[in-house]
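Asker: Top line first, the protein sequences correspond to chains A and B.
Just so you know, numbering that gives the first Met the number 0 puts 145 at position 146 of the first sequence, and the rest follows in order with no gaps.
Just so you know, numbering that gives the first Met the number 0 puts 61 at position 62 of the second sequence, and the rest follows in order with no gaps.
Pasting in a structure now, in structure tokens, and then I'll have a few things to ask.
There are 2 protein chains.
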Amino acid sequence: MSIEDSEGPAPPSTNIAETIFRDLRGLILRGELTSGERLPGERELAAKYGTNRNTLREAVRKLEQQRLVTVRHGQGVTVTDFRKTGTVELLPPFLESSPDFAEVAHIIEDMLPARLQVIEFATRRAIRRADKTDIERLTDITELLITAFQRGDPALIGRGFQRWLDALIDAAHSVAIRWVANPYLEAYRHLIDRFPTLWVLEPTFPKHLEDLLEAFANNDEERAIEVTRQYYELVDGKLMQALASAVSQAGKEKSVDEPPASSKRLSVTREG
Amino acid sequence: MSIEDSEGPAPPSTNIAETIFRDLRGLILRGELTSGERLPGERELAAKYGTNRNTLREAVRKLEQQRLVTVRHGQGVTVTDFRKTGTVELLPPFLESSPDFAEVAHIIEDMLPARLQVIEFATRRAIRRADKTDIERLTDITELLITAFQRGDPALIGRGFQRWLDALIDAAHSVAIRWVANPYLEAYRHLIDRFPTLWVLEPTFPKHLEDLLEAFANNDEERAIEVTRQYYELVDGKLMQALASAVSQAGKEKSVDEPPASSKRLSVTREG
DNA sequence: GTTGACAACTGGTTGAACCAATATTAAATT
DNA sequence: AATTTAATATTGGTTCAACCAGTTGTCAAC
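See the structure below:
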């Protein structure tokens, strides 16, 4: 097993409905369509996107399922307040879409401790429930990660670390933990695809992994938590510092060219 | 504001696509369609459900979006391993569908501490960030809840408690926490609709709420966490006991009439 | 002013035809 | 006989046009 052989970022998905879905989602997340606003009728929207009603409907259904809009027979489609109704799954597209970097930073800041709690919880269960196969898998990935770390390829480490987390969660042998963790893992997956340089790599990374493996070997739950918390608080702290400085930097540029994002416009017409 | 005026359980949704979606989802969650299996083609399935391809496709899309199936152009639709790819949103339909009560109990057991962590996290932030309006709202709901508690209507308390949690999360003033908490809140909403009697009500419930409000008034984060943890560990403990006894009871009945859930069957034909 | 039929929206459903990706089969080639 | 290649069947993807079904607003009748 090599660390390199994971599929890269998903293909750009030549899907028409998916494309329209992403476009509309972007409009909503960017604030160009605000909560309570009504979308044009399906017939009109289909015409604007140069497609037919069925395909257009497929896109709207996706919006509906992610709670970005509400569809009511006879009444049309209205935009939802996604800040209130969304889930962690919205994080990646929101990070890509939102023009308000300060808000993005805030959300990440609050998300990091939540993620840490999930990891801690998974670690506890994994320490208790991991079998020989799980530990072997974690050991293998750890070795690969350390090798990759010495070579110094952040993107490679990112993918490898994904696998490590995946193995950790498998080791917890808990459907519940898997379901709780999945949205975080997916968000992480998108994030390292888009901003591979943003993720902090500490010199203590290999040691952290080794300490953790040792805790597994000794069935030492508290030690594992201690090591985990230590490392993540370090890394997350640095990440938050980076975010803060990026925010203040963005703040300077902001006054220059930011259009006031007038809410009424629906610039979805295909440029012919 | 009255505690009663929330909309009851959602209307049975006369939607054809939604109905088919739920039926197929049930087959998957019940294990009658297992991971890796292929669904019949869209044309065939549409015929079986007595509908047309477009409507049928809508149902399949919903399955796809919830990661219950994978759709590939030219290859058909295959069932996914939802235990691996699912999220917390699957909890309510899984609880309703799964014939394996022991597994359900396991999942709930692991989900409860995760939920507690989310509540604790939200509480910490709420203590720090709640403004006057938030506290007033929490106070109002607390009063209503205590009144309802004295009257002794579990369903009513369930709905009121939903509101209480909602207010708590609003008070945290964090989009991230809202997004993390939403799947739990929704699961909770479904659960008290279906099993209103299962939820444990402790005599200490009113005191717990009052203590919490006091912690809010004093900005005492640690006290709030202490109170919260105390109450939930009590309640969750009792719930887990109830689950355990229900499991052993179900275990006795199990050997009698359980069909081995042969995986090949797709009993989706409309009985004419 | 109130009521009630009607018209004009809206999304929901239908069926048939065709396009595009894949899998299978049969034929041609080696 | 094994391999390659071409034809074909099967799958999902897209399009079209019509109609059904809830909702809202209008306007005439009362």
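Here a beta-carbon is modelled for each residue, glycine too, at the ideal position from N, C-alpha and C.
As the structure is a computational prediction, the values presented were derived from the model and not from experiment.
Identify the contact partners of Ile118/B in chain A, using a Cβ-Cβ distance below 9 Å as the criterion.
Answerer: Those do not exist, as Ile118/B stays about 11 Å from chain A at its closest Cβ, beyond 9 Å.
Asker: Taking 9 Å as the cut-off, decide whether the C-beta atoms of Pro205/B and Leu144/B are in contact.
Answerer: Yes, Cβ-Cβ distance for Pro205/B and Leu144/B is below 9 Å.
Asker: Using 10 angstroms around the beta-carbon of Pro182/A, count the other beta-carbons present and answer buried if the total reaches 16, otherwise exposed.
Answerer: Buried, because 16 or more other Cβ atoms sit within 10 Å of the Cβ of Pro182/A.
Asker: Does DSSP put Gly236/B in a helix, a strand or coil?
Answerer: Helix at Gly236/B.
Asker: CB Gly272/B to CB Ile176/B, shorter than 9 Å?
Answerer: Nothing in the structure corresponds to residue 272/B, since chain B is present only between 0 and 271.
Asker: Given a threshold of 16 other Cβ atoms within 10 Å of its Cβ, counted over all protein chains shown, does Lys131/B qualify as buried or as exposed?
Answerer: Answer is exposed; the Cβ neighbour count stays below 16.
Asker: In this structure, how does DSSP classify Thr84/B when only helix, strand and coil are distinguished?
Answerer: Residue state, collapsed to three classes: helix.
Asker: Name the chain A residues whose beta carbon is nearer than 8 Å to that of Asn181/B?
Answerer: Simply Thr84, Gly85, Thr86.
Asker: Mind checking Glu221/B: buried by the 16 CB within 10 Å criterion, or exposed?
Answerer: Per the 10 Å Cβ criterion, exposed.
Asker: Excluding sequence positions up to five away, which residues of its chain have a Cβ less than 8 Å from the Cβ of Pro153/A?
Answerer: Correct list, in chain order: Pro195, Thr196, Trp198, Leu200.
Asker: Output needed in chain order: residues of the region 156-189 of chain B with a Cβ under 8 Å from some Cβ in chain A.
Answerer: Answer in chain order: Ser173, Val174, Ala175, Ile176, Arg177, Trp178, Val179, Asn181, Pro182.
Asker: Given a threshold of 16 other Cβ atoms within 10 Å of its Cβ, counted over all protein chains shown, does Arg24/B qualify as buried or as exposed?
Answerer: Result: buried.
Asker: Should Thr268/B go down as buried or exposed, given a rule of 16 or more other Cβ atoms within 10 Å for buried?
Answerer: Annotation note: pLDDT 31 at Thr268/B (below 50); position unreliable, coordinate value reported separately. It counts as exposed.
Asker: Please work out which residues of its chain come closer than 6 Å, Cβ to Cβ, to Ala16/B, disregarding the five sequence neighbours upstream and downstream, and give them in chain order.
Answerer: Thr54, Glu57, Ala58.
Asker: Could you confirm whether any beta carbon from chain B is found closer than 9 Å to the beta carbon of Asp109/A?
Answerer: Yes, contact with chain B.
Asker: In the region 171-223 of chain B, which residue ranges form an unbroken alpha helix (DSSP H) of at least 4 residues, counting only runs that do not cross its ends?
Answerer: Fully enclosed alpha helix (DSSP H) runs of 4 or longer: 174-193, 204-217.
Asker: Taking the C-alpha atoms as reference points, what is the distance between Arg264/B and Arg82/B?
Answerer: Bear in mind that the predicted position of Arg264/B carries a pLDDT of just 41, short of 50, making it unreliable; the figure below should be weighed with that in mind. If you take the alpha carbons of Arg264/B and Arg82/B, they lie about 21 Å apart.
Asker: Terminal residues of the continuous beta strand (DSSP E) containing Arg56/A?
Answerer: Looking at the DSSP string, Arg56/A is not in any beta strand (DSSP E); the run it does join, the alpha helix (DSSP H), is 52-64.
Asker: Does the distance from the CB of Leu242/B to the CB of Ile107/B come in under 9 Å?
Answerer: The answer is yes: Cβ separation under 9 Å.
Asker: Taking Cβ-Cβ distances shorter than 7 Å, what residues in chain B pair up with Pro320/A?
Answerer: Residue 320/A lies beyond the range of chain A shown here (0 to 271); nothing can be said about it.
Asker: Would DSSP call Asp256/B helix, strand or coil?
Answerer: Legend: pLDDT at Asp256/B = 44, less than 50; position of this residue unreliable, no value from coordinates given.
Asker: Between which two residues does the beta strand (DSSP E) harbouring Gly75/B extend?
Answerer: 75-78 is the extent of the beta strand (DSSP E) around Gly75/B.
Asker: In the DSSP output, what is Arg37/B paired with across the bridge?
Answerer: BP columns for Arg37/B point to Thr77/B.
Asker: If the cut-off is 7 Å on Cβ atoms, which residues from the region 49-79 of chain A count as contacting chain B, listed in chain order?
Answerer: Answer in chain order: Asn53, Glu57, Arg60, Lys61, Gln64.
Asker: Going by Cα to Cα distance, which pick from Arg127/B, Gln74/B, Gln149/B is closest to Asn218/B?
Answerer: When only C-alpha atoms are compared, the closest one is Arg127/B.
Asker: Under the three-state reduction of DSSP, which class applies to Thr18/B: helix, strand or coil?
Answerer: Three-state DSSP puts Thr18/B in a helix.
Asker: Quick one: is Thr122/B buried, meaning 16 or more other Cβ sit within 10 Å of its Cβ, or exposed?
Answerer: With 16 or more other Cβ atoms within 10 Å, it is buried.
Asker: Are any of the Cβ atoms in chain A nearer than 9 Å to that of Leu90/B?
Answerer: Closer than 9 Å: yes.
Asker: Taking Cβ positions, are Asp109/A and Arg124/B nearer each other than 9 Å?
Answerer: Closer than 9 Å, so yes.
Asker: Candidates Leu208/B, Arg37/B, Tyr230/B: which alpha carbon is nearest Ala166/B's?
Answerer: The shortest Cα separation from Ala166/B among Leu208/B, Arg37/B, Tyr230/B belongs to Leu208/B.
Asker: Determine the chain B residues that contact Ile112/A at a beta-carbon separation under 8 Å, and present them in chain order.
Answerer: Reading off the sequence, residue 112/A comes out as Pro, not Ile. In chain order: Phe120.
Asker: Taking just the CA atoms, how far does Glu63/B sit from Thr203/A?
Answerer: The straight-line gap from Cα to Cα measures roughly 40 Å.
Asker: Can you tell me which of the three DSSP states Arg29/A falls into?
Answerer: DSSP places Arg29/A in coil when its eight states are reduced to three.
Asker: Taking 9 Å as the CB-CB limit, is Ile224/B close to chain A?
Answerer: So no, Ile224/B is outside the interface.
Asker: Using the Cα positions of Phe120/A and Arg114/B, report the straight-line distance between them to the nearest angstrom.
Answerer: In a straight line, the C-alpha of Phe120/A is about 11 Å away from that of Arg114/B.
Asker: Using the DSSP secondary-structure output, state which residues sit across from Val70/A in a beta bridge.
Answerer: According to DSSP, Val70/A bridges with Val76/A.
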